[in-house]
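Presented below is the structure to which this report refers.
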Amino acid sequence: PLIGSAARLENAFGGVVQIDFLDKLNAAEQRDQERLEGPPVKTPQPPQPRKKSTPLHSQVKRSLKKLGTPSPLKKKRGSAAEAKLTADQKAQEQRRREAKPSASDPARELAQHGYEVLGPIAAGAFSTILRARPVSDDGTAGEQVAVKTFDNAKCGKAPALAESRDRELQVLRMLATEAAGSARHPHIAYMLAEHTGPNSTHAVLEYCVGGSLLRHMQLLQKSKAPARGVAAGSAAGSSGDGIGMPEPQVARVAWQVVSALDYMHNLEVAHRDIKPGNILFDNEGGANVPNFRVKLCDFGFALKCGNRVLKKLVGTPSYIAPELTGSGTESGYKGRPVDMWAIGVVLFEVLHGKPTFYGSNLEQLETRIRAVSHAPFNADVSAGARSIVQGLLKADPSKRLTSTAILNHSWLKAAAKEMKNDSGGAPRTPAQPSARSTSMAVGPKTA
């Protein structure tokens, strides 16, 4: 089970299910429906009159027989040739439909705004993410972008979905407005443009070419641990051994993500869904490149909340804080400490290559989260890394390390120095919120 009104399908590490899986889900639903209602009833058809063969038919068949060509006028039922012909026809029809999008297809709307859709990235409960690029009138193509399209019809039927869409767009607008007044934070995936059509609302976002931290961890398990039987993504729900990232890489990821969070928290915005699937590499090769960069993405649960007590439960089960589980939800929670807990969960996971908390069901998982009962640290994890993770995984939200404390932690000094050398200057210090952004009304008053 998932948490939140805009519930998403999650894979083993918490990533959004890819679009090709949705067809399988729809097929499964159809099979379930047939089991309940029985197979569809076929309407009897009246007998068709038998066509009489004419002299011309006979002449054509004789000519084809002489040439050694099978006659199209008489095909053997159930033959391999007929099956292949049917499959080819279906494939051709599918290509024709894809080449000519329907009036409600997001690709058609995006084309009207000057974007060429290159392919799908992922899908959620009421939105899809497409890879695209802007194309000018003279045919010049720009840099690739990620376009998140919200289905207006689904949002119109479900107020909760519409609220989720509007909240995400409001946060994206606020971040973009704040960046326009100073500079973009290098570790946030910003919204570049926004377009509204009759069928969809489109948020044009920065495209990160290197994939997600989730995907990097899956490939790491698959490539380095075949003998252990650890397949990509299978570690969730298991306490088995995994392959973690080298500690210097983890520190570099931590510094960049926490830097982005510190910036957002200064703007009184909580992300509320920190996980490997929402951390993207902004370079080819991901973490395999020495000076890799990551960006925080997916602001579907983000909210400008400051120190307000929140009630609505959102997030991904494996990464939620204790105050979002069980009876702890009755007293509510604050957004920023929830983000810091999730950072601790992510750091443990990428250090060890396995989930921080696991359980055979949601109840068992939440019990272990409340007890902070995670797997023991590997012997090769340094004291500095343990110190940060333990400082973040505190059951009491008020005792967790803040983003500022983490950025000043000794374990991240080397990573901060690397970032300074990469940029040719001091690492970007997140600015304090301006008077404009502080007074901006963003997001609903309750959450």
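Our numbering numbers the first residue of the sequence shown as -17 and each following residue consecutively.
Glycine included, each C-beta is placed from N, C-alpha and C at the ideal position.
Quick caveat, the model's predicted, so the values are computed rather than measured.
Does the beta-carbon distance from residue i to residue j come in below 8 Å?
{"i": "residue 115", "j": "residue 100", "result": "yes"}
{"i": "residue 283", "j": "residue 297", "result": "yes"}
{"i": "residue 230", "j": "residue 396", "result": "yes"}
{"i": "residue 177", "j": "residue 253", "result": "no"}
{"i": "residue 338", "j": "residue 356", "result": "yes"}
{"i": "residue 398", "j": "residue 237", "result": "yes"}
{"i": "residue 264", "j": "residue 308", "result": "no"}
{"i": "residue 304", "j": "residue 352", "result": "yes"}
{"i": "residue 269", "j": "residue 393", "result": "no"}
{"i": "residue 369", "j": "residue 261", "result": "no"}
{"i": "residue 205", "j": "residue 88", "result": "no"}
{"i": "residue 92", "j": "residue 102", "result": "no"}
{"i": "residue 148", "j": "residue 108", "result": "no"}
{"i": "residue 196", "j": "residue 288", "result": "no"}
Consult DSSP for residue i and reduce its assignment to one of helix, strand or coil.
{"i": "residue 297", "result": "strand"}
{"i": "residue 173", "result": "strand"}
{"i": "residue 357", "result": "coil"}
{"i": "residue 340", "result": "coil"}
{"i": "residue 395", "result": "helix"}
{"i": "residue 157", "result": "helix"}
{"i": "residue 264", "result": "coil"}
{"i": "residue 95", "result": "coil"}
{"i": "residue 168", "result": "coil"}
{"i": "residue 404", "result": "helix"}
{"i": "residue 269", "result": "helix"}
{"i": "residue 113", "result": "strand"}
{"i": "residue 326", "result": "helix"}
{"i": "residue 431", "result": "Nothing in the structure corresponds to residue 431, since the chain is present only between -17 and 429."}
{"i": "residue 133", "result": "strand"}
{"i": "residue 118", "result": "coil"}
{"i": "residue 226", "result": "coil"}
{"i": "residue 189", "result": "coil"}
{"i": "residue 311", "result": "helix"}
{"i": "residue 180", "result": "coil"}
{"i": "residue 291", "result": "coil"}
{"i": "residue 373", "result": "helix"}
{"i": "residue 204", "result": "helix"}
{"i": "residue 351", "result": "helix"}
{"i": "residue 252", "result": "strand"}
{"i": "residue 286", "result": "strand"}
{"i": "residue 101", "result": "strand"}
{"i": "residue 3", "result": "At residue 3 the pLDDT is 38, less than 50, meaning the model places this residue with poor confidence; the figure from the coordinates comes in the next sentence. Helix, per DSSP."}
{"i": "residue 306", "result": "helix"}
{"i": "residue 239", "result": "helix"}
{"i": "residue 127", "result": "strand"}
{"i": "residue 194", "result": "strand"}
{"i": "residue 278", "result": "strand"}
{"i": "residue 384", "result": "coil"}
Please go through the same chain and pick out, in chain order, the residues whose beta-carbon is closer than 6 Å to the beta-carbon of residue i, but skip the five residues on each side of it.
{"i": "residue 363", "result": "333"}
{"i": "residue 301", "result": "257, 324, 327"}
{"i": "residue 319", "result": "379, 382"}
{"i": "residue 373", "result": "383"}
{"i": "residue 377", "result": "304, 354"}
Buried or exposed: which applies to residue i, given that a residue is buried once 16 or more other Cβ atoms fall within 10 Å of its Cβ?
{"i": "residue 135", "result": "exposed"}
{"i": "residue 273", "result": "exposed"}
{"i": "residue 228", "result": "exposed"}
{"i": "residue 267", "result": "exposed"}
{"i": "residue 380", "result": "exposed"}
{"i": "residue 358", "result": "exposed"}
{"i": "residue 122", "result": "exposed"}
{"i": "residue 365", "result": "exposed"}
{"i": "residue 271", "result": "exposed"}
{"i": "residue 150", "result": "buried"}
{"i": "residue 120", "result": "exposed"}
To which residues of the same chain is residue i closer than 8 Å at the C-beta, ignoring the five residues directly before and after it?
{"i": "residue 124", "result": "115, 116, 117, 118"}
{"i": "residue 360", "result": "226, 333, 334"}
{"i": "residue 144", "result": "137, 138"}
Can you find the residues in the same chain that come closer than 7 Å, C-beta to C-beta, to residue i, ignoring five residues on each side of it along the sequence?
{"i": "residue 314", "result": "291, 292, 293"}
{"i": "residue 246", "result": "253"}
{"i": "residue 437", "result": "The first residue shown for the chain is -17 and the last is 429, placing residue 437 beyond what the model contains."}
{"i": "residue 242", "result": "167, 169, 170, 278"}
{"i": "residue 371", "result": "326, 329, 330"}
{"i": "residue 240", "result": "325, 385, 388, 389"}
Original post:
For the stretch 120 to 134 against the stretch 157 to 164, are there 3 or more C-beta pairs whose distance is under 8 Å?
Top reply: no
Original post:
Just checking, does the stretch 260 to 279 make contact with the stretch 340 to 347 on the three C-beta pairs under 8 Å criterion?
Top reply: no
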